[in-house]
Structure formats: C-alpha cells, structure tokens
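See below for the structure under consideration.
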Amino acid sequence: MAEQVDRPPVIAPGGMMTMACKEVMDQTNCRWPAAHRDAAKMAELSISMHHETGIENLGIPFCMTVEAEALGGEVEDGDEVTEPHMIHYPMKSVEEWRNLQELNPYKDGRLPSILACTSLLSKGHPDIPAIGNLVGPLSLATSLIDAFLLFKALRQRPEEVHRMLDFLADNSISYGEALIRNGADLIVISDPSATGEILGPDMFNAFALPYLNQMIHRMHTLGKPVIVHICGRIAPVYESLKRLVAECISVDSVVNIKEMRNAIPGKKLMGNVSTILLQNGPVDMIQKVSRNLLRSGVDILAPACGIGAKTPVRHIRAMTETAKAGIQ
Amino acid sequence: MEKSDILNHLAQAVIDMDVTRARQAAAEAMSCNMDPYEAITGGLAKGMDTVNELFENEEYFVPEILLCADAMYAGIEVLKPHFPKEAAPNKKKVVIGVVKGDTHDIGKNLVKIMLDNAGFEMHDLGRNVPYAKFIDTAGELNADLVCLSTLMTTTMDGMHIVIEDMKKAGIPARVMIGGGPISPAFAKTIGADGYAKNAAEAVKVAKGMFQGIQIPLAMKIPELVSIRKNRGGVR
Numbered sequence: 004m005a006e007q008v009d010r011p012p013v014i015a016p017g018g019m020m021t022m023a024c025k026e027v028m029d030q031t032n033c034r035w036p037a038a039h040r041d042a043a044k045m046a047e048l049s050i051s052m053h054h055e056t057g058i059e060n061l062g063i064p065f066c067m068t069v070e071a072e073a074l075g076g077e078v079e080d081g082d083e084v085t086e087p088h089m090i091h092y093p094m095k096s097v098e099e100w101r102n103l104q105e106l107n108p109y110k111d112g113r114l115p116s117i118l119a120c121t122s123l124l125s126k127g128h129p130d131i132p133a134i135g136n137l138v139g140p141l142s143l144a145t146s147l148i149d150a151f152l153l154f155k156a157l158r159q160r161p162e163e164v165h166r167m168l169d170f171l172a173d174n175s176i177s178y179g180e181a182l183i184r185n186g187a188d189l190i191v192i193s194d195p196s197a198t199g200e201i202l203g204p205d206m207f208n209a210f211a212l213p214y215l216n217q218m219i220h221r222m223h224t225l226g227k228p229v230i231v232h233i234c235g236r237i238a239p240v241y242e243s244l245k246r247l248v249a250e251c252i253s254v255d256s257v258v259n260i261k262e263m264r265n266a267i268p269g270k271k272l273m274g275n276v277s278t279i280l281l282q283n284g285p286v287d288m289i290q291k292v293s294r295n296l297l298r299s300g301v302d303i304l305a306p307a308c309g310i311g312a313k314t315p316v317r318h319i320r321a322m323t324e325t326a327k328a329g330i331q
Numbered sequence: 008m009e010k011s012d013i014l015n016h017l018a019q020a021v022i023d024m025d026v027t028r029a030r031q032a033a034a035e036a037m038s039c040n041m042d043p044y045e046a047i048t049g050g051l052a053k054g055m056d057t058v059n060e061l062f063e064n065e066e067y068f069v070p071e072i073l074l075c076a077d078a079m080y081a082g083i084e085v086l087k088p089h090f091p092k093e094a095a096p097n098k099k100k101v102v103i104g105v106v107k108g109d110t111h112d113i114g115k116n117l118v119k120i121m122l123d124n125a126g127f128e129m130h131d132l133g134r135n136v137p138y139a140k141f142i143d144t145a146g147e148l149n150a151d152l153v154c155l156s157t158l159m160t161t162t163m164d165g166m167h168i169v170i171e172d173m174k175k176a177g178i179p180a181r182v183m184i185g186g187g188p189i190s191p192a193f194a195k196t197i198g199a200d201g202y203a204k205n206a207a208e209a210v211k212v213a214k215g216m217f218q219g220i221q222i223p224l225a226m227k228i229p230e231l232v233s234i235r236k237n238r239g240g241v242r
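Going down the list, the protein sequences come from chains A and B.
Quick note: the first sequence uses this note's numbering, first residue 4, plus one each step.
Quick note: the second sequence uses this note's numbering, first residue 8, plus one each step.
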C-alpha cells in the first residue's frame, strides 16, 4: 500500500471478492451487467463505491471469470444483481488443457477493458490503492472444467493436472504483469477452490501451494505485495500456509482469527466480516463483529467473501466507520 | 460366496474408490439372488457410511468422496434393473434441477436416483437451469412435484422467483427444495411445500406429499449434500 497507517485499513478487493452494490449502481447509472465490459463505467462504479462506502481501495472486476473467459470459457454476464458466471467449460478432461490458447491480456475477452480500467483508476486516483485481481490456478481450472472432474483427476491423473496448472499459472502471471504495468498497486489472488477443507493438506501442498508461490514470486519481482484469499475452514492447512510467500492471507467468515493468528504468527491476516451479515444487518451487529475482529488482531478489515449486490451502503459504512474510529 | 462376503466386497469397493470391483460385487450379489435393497443398505451405502466417517476424521477429502460416490453409483447401476418398480399409471411426475447460477449437482443427482428408485417419474433439467425452464417443463408435463437445488447462497433467491412465477402461471405442482445453504426456515419463507436436508430425507418428504406411492425403501444414503454445506459461500 501507498503509506504506513496507524490502524488496520478496511478494504474490499474486487474480483471474486466483489466490491459493488446495486444502490451505488443506481446512483451512478453504472449498472451490471453493462459495467462488466465497459472500462469507464467499471472505473466510475469502483470509485463511487470508495466514496459512498468508505472502502479504502479501488477494485475491479466484479467477478472471477475474466481469465477463464480469455482462455475460451463461455460466460453469461448475469443481471443487475447476479455476477457473471461460467455457462460452458471448454475442457471435458484435464488433458484438454492442450487445446487452450495462451491468453493475450491486451486482446482476449474482457482483459483489455480491465487493463484500461486499471490504468484509469491508477492515473485518476494515485492516492487510492488500485487492486489487481487474479484467480489462483486451481480455482481458474474449476472455471474451465467441471470441478468434480478436476477433483477426481487430482487422484486419477496427477501428472496431467500438474502440467495443466503450470500452464494456467503462466497465463495468470502474464495477465498479472499486465495489471501491474497498467498501474495495479497490489495483487490479490483468490483461490476459493483450493481450500484445505476440499483438498486436505497433502493435495493442498501438491496442487495449490507451489503454483500460488510461483505467481507470488513473480509479482514480488515486480515489486508488488500479494494477498491470497482462501475459502472455507483452513485449520487442515495451517502448516502449509506458513510456506505461502504472500504477505497477507484473507479468510472466510468460518475462520477464527485469534486461532489463526496463533497458528500462523508470521503472516498478516485479512478478514472476515460475514457477507450475509453485511447484506442483512443489523448495523449494530456489523459494528460489533468488526470491532471484535479488530480486537482479535486482523491487519486488514474486510468482507469475508464478495459483497452481495443487494447490500445496503449504510451496512458497508458500519464496517468501514468502525475501522476508521479505531479501537480503544 | 457367503452373503456377508459379498456385502463386505460392496462396501470395501466403495471405500477403495474402485468402480470395477463395485460393479463386480453388485453382479455377484444379483447372481446369488440377493435382495437389491439389501445390497445397497448392507453393502454400498454401508461403505459410504465409512467414507463419511473418514471424511469427518479428515482422512478423506472431497476428491476421495467423489471417487467413492462414483463407485457407489456404478454398483447401483448394476442393481437398478432388479428393483421392483411401482406400476406405471401411479407414477408421480417430478421435475428436478439446479437453479440458474449454480453448477454443483452431486446432491441433485443423488435425489434424482433415490426418487427414481422410490417410484417417481423423474425429469432432470440438469444444472444452471433458467427459472422459466422449470415453469415451462412443469406446465407441459403437468408435473406433480418440482425439486429445486442449489449449493450457493448467491442463487438461493432464484428459488423464490421460481416459486412465485409458478404461482403466477397457475402451475399446481408442489415444490421441494434442498442444498447446502438452504434451511427449513428459508423453505418456509419462500413458500416451498417441502424441504429435505439430504437425498434420503427427500424420498420421505416426497412420499409424504403423495400418500399413494408406497415402496418399502429403507435406504440410507450418505449425506453428501450436508457434508458440503460449508461451501455455501464459495463462488
């Protein structure tokens, strides 16, 4: 981030951890689904979210499908409150990664608009951190092939899965480099499918950790810090996470921050206000949960997942204002 | 071969994720004239119970569960032709699918198999099904029951829309819902007629709705749906 702060910042990264809500879309007339493919609208929506809610970053896109689309997956753009999602997987078996075309960040799918938007945000608002969002290789794979086929292949065709993940990590790296060249101040890698709860420690170590580290190393080479977001319970992979080279780990609302702090002392922790609570309220409960998280020692206060598009602005403010008030 | 040996083979094939051995053991059971329900309850499903324990103890994770379920399905496929079926005229028509926005369908597939075996006529719309497709199909078939499934919190609202639209379109079919993030309270709120927390319960609930169908089926199927409930927030 741009400068040292004397309290934990409060952010909503974008990407899988979507930062937009309908109330602000209506105010700005930058609505889903049009905003997903329009750099100017995307930028205005992100900036307005920052102004209206007090979230201390800019974050695009508003879904986790841009890499998969650029690699040949078919995406449906959703509606005004439903984010884009995959409707057709280009791969029917893990071997078929060989048929995928290497992505070109300046040409394929929505990537050029995301880069253009990143550049707009970075040049127009150099004082606000603009986050570049990537999807972890294993989660990217679950957007290119049926997740169950992939999970079964981890046992049935491990060598082929490794070759596929290597290919996907390379592609994500070239997109990540382009994001940084266009002004992204830090990188968030979301890897919701690579949870310890789904994979267990052995498979996490074999199929998630090395490829995440490969990506993080490259982003570090370009001088940018990295946050990794992992979903679900992570107790089974505490030991593995010590070897993750990211500066900061972001977690789901099921994770107990105090317990995680003790288990992984060296990492900065980000989290983990329930997005269901954020959407439904009430405000005093959001404040209470946010305060508890700050007391438990989160280094960055953030929603535990993507913000639901129906979340009221005043609920998000309840979280951001609590962070800004600090804890006595 | 002893009956208990065959049942053990069925169970062990599931635990070992071995599709081939599950098929062989199921064929063996049928050649010994074993009751196909017993081959499931005492064999395949019993193996799946052990698998669930291994999952709870964090020895098995999702990849293993999926391969064990494959072995179980393979065994059930061999046994299926031997199930006594309800006479065709009494069959209730069921439309089933995973709501738009979601592509997770293992729970839906289990419910489909279970209801099929319980004597319902199943019409599977697959996954990521547009709302209107449920209403159109239920109308065309004059369906008795519509089953909606989702694993993601972001698609839960879609169930509500389907129920509302069915009412508007005057479709009289009842609605049963289930899936990771769904609770009985949610089912009530959106006006569903029934909620099932897993595939076995789905059979009970569906049968309860239509007293006419009675097949003695005391099959205990693993709670694959509830196992995955923590993934509700995954996108």
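Where is the CB? At the ideal position from N, CA and C, for every residue including glycine.
Only a predicted model underlies this, so the values are computations on that prediction, with no experimental measurement involved.
Inter-residue Cα distance where the pair is residue i and residue j
i: Phe151/A; j: Pro70/B; result: 8 Å
i: Ala211/A; j: Pro140/A; result: 8 Å
i: Pro268/A; j: His223/A; result: 21 Å
i: Glu59/A; j: Gly235/A; result: 25 Å
i: Ala94/B; j: Leu122/B; result: Reliability of the predicted coordinates at Ala94/B is poor, the pLDDT of 49 falling under 50, and no value is obtained from them.
i: Leu123/A; j: Ala187/A; result: 11 Å
i: Ile219/A; j: Val248/A; result: 7 Å
i: Ala209/A; j: Leu202/A; result: 10 Å
i: Gly54/B; j: Arg28/B; result: 13 Å
i: Ser293/A; j: Val254/A; result: 14 Å
i: Lys245/A; j: Gly146/B; result: 56 Å
i: Leu168/A; j: Ala144/A; result: 8 Å
i: Arg10/A; j: Ala326/A; result: 8 Å
i: Pro286/A; j: Arg320/A; result: According to the sequence provided, residue 286/A is Val. The question's Pro does not apply to it. Using only the alpha carbons, I get a separation of about 9 Å.
Candidates the options, of which the one nearest residue i by Cα
i: Ile47/B; options: Gly146/B, Leu17/B, Asp131/B, Val212/B; result: Leu17/B
i: Ile63/A; options: Lys270/A, Pro87/A, Ser49/A; result: Ser49/A
i: Arg166/A; options: Ser96/A, Asn32/A, Ala119/A; result: Ser96/A
i: Leu125/A; options: Asn283/A, Arg160/A, Asn185/A, Arg264/A; result: The sequence shown places Ser at residue 125/A, rather than the Leu named in the question. The shortest C-alpha separation from Ser125/A is found at Asn185/A.
i: His232/A; options: Glu180/A, Ala305/A, His220/A; result: Ala305/A
i: Gly135/A; options: Lys25/A, Leu280/A, Pro228/A; result: Pro228/A
i: Asn149/B; options: Asp23/B, Met8/B, Lys100/B; result: Lys100/B
i: Pro16/A; options: Ala144/A, Ala238/A, Ile131/A; result: Ile131/A
i: Gln217/A; options: Gly179/A, Asp80/A, Thr121/A, Pro195/A; result: Gly179/A
i: His91/A; options: Thr85/A, Val84/A, Asp80/A; result: Asp80/A
i: Ile7/B; options: Tyr138/B, Gly177/B, Gly215/B; result: No information on residue 7/B is available, as it lies outside the stretch 8 to 242 that chain B covers here.
i: Ala238/A; options: Val191/A, Arg221/A, Thr198/A, Val138/A; result: Thr198/A
Residue-chain proximity (residue i, chain B), Cβ-Cβ < 9 Å
i: Glu200/A; result: yes
i: Met94/A; result: no
i: Met206/A; result: yes
i: Gly139/A; result: no
i: Thr314/A; result: no
i: Gly284/A; result: no
i: Gly81/A; result: yes
i: Thr85/A; result: yes
Closer than 7 Å at the beta carbon, the chain A residues around residue i
i: Leu73/B; result: Phe151, Phe154, Lys155
Own chain, CB closer than 6 Å to residue i, minus 5 neighbours either side, in chain order
i: Asp42/B; result: none
i: Cys308/A; result: Thr278
i: Ala20/B; result: Arg28, Ala29, Ala32, Ala78
i: Met322/A; result: Val276, Ile289, Ser293
Sequence-distant residues of the same chain with beta carbon closer than 8 Å to residue i, five excluded per side
i: Leu103/A; result: Leu74, Gly75, Pro93, Met94, Leu147, Phe170
i: Ala181/A; result: Pro108, Tyr109, Leu114, Leu118
i: Met45/A; result: Cys33, Ala38, His39, Ile63, Pro64, Phe65, Ser116, Ile117, Cys120
i: Val169/B; result: Val106, Tyr138, Phe141, Ile142, Val153, Leu155, Val182
Proximity test, Cβ basis, 9 Å: residue i and chain A
i: Asp172/B; result: no
i: Asn205/B; result: no
i: Gly108/B; result: yes
i: Phe68/B; result: yes
i: Asp77/B; result: yes
i: Met24/B; result: yes
i: Phe193/B; result: no
Chain-ordered neighbours of residue i on chain A, where CB pairs are closer than 9 Å
i: Glu60/B; result: The contacting residues do not exist; Glu60/B stays about 15 Å from chain A at best.
Where residue i meets chain B, residues with beta-carbon distance less than 8 Å
i: Gly274/A; result: Correct list: empty, because the minimum Cβ distance to chain B is about 12 Å.
i: Arg158/A; result: Met24, Pro70, Glu71, Leu74
Contact list for residue i against chain B, beta-carbon separation under 7 Å
i: Pro239/A; result: Glu65
Contact set for residue i: own chain, Cβ-Cβ below 7 Å, skip 5 residues either direction
i: Tyr6/B; result: The first residue shown for chain B is 8 and the last is 242, placing residue 6/B beyond what the model contains.
i: Ala172/A; result: Pro140, Tyr214, Gln217, Met218
Contact list for residue i against chain B, beta-carbon separation under 9 Å
i: Gly203/A; result: Glu65, Glu66, Tyr67, Phe68, Val69, Pro70, Glu71
Any C-beta of chain C under 9 Å from that of residue i
i: Thr27/B; result: Of the chains in the structure shown, none is chain C; the protein chains are A and B.
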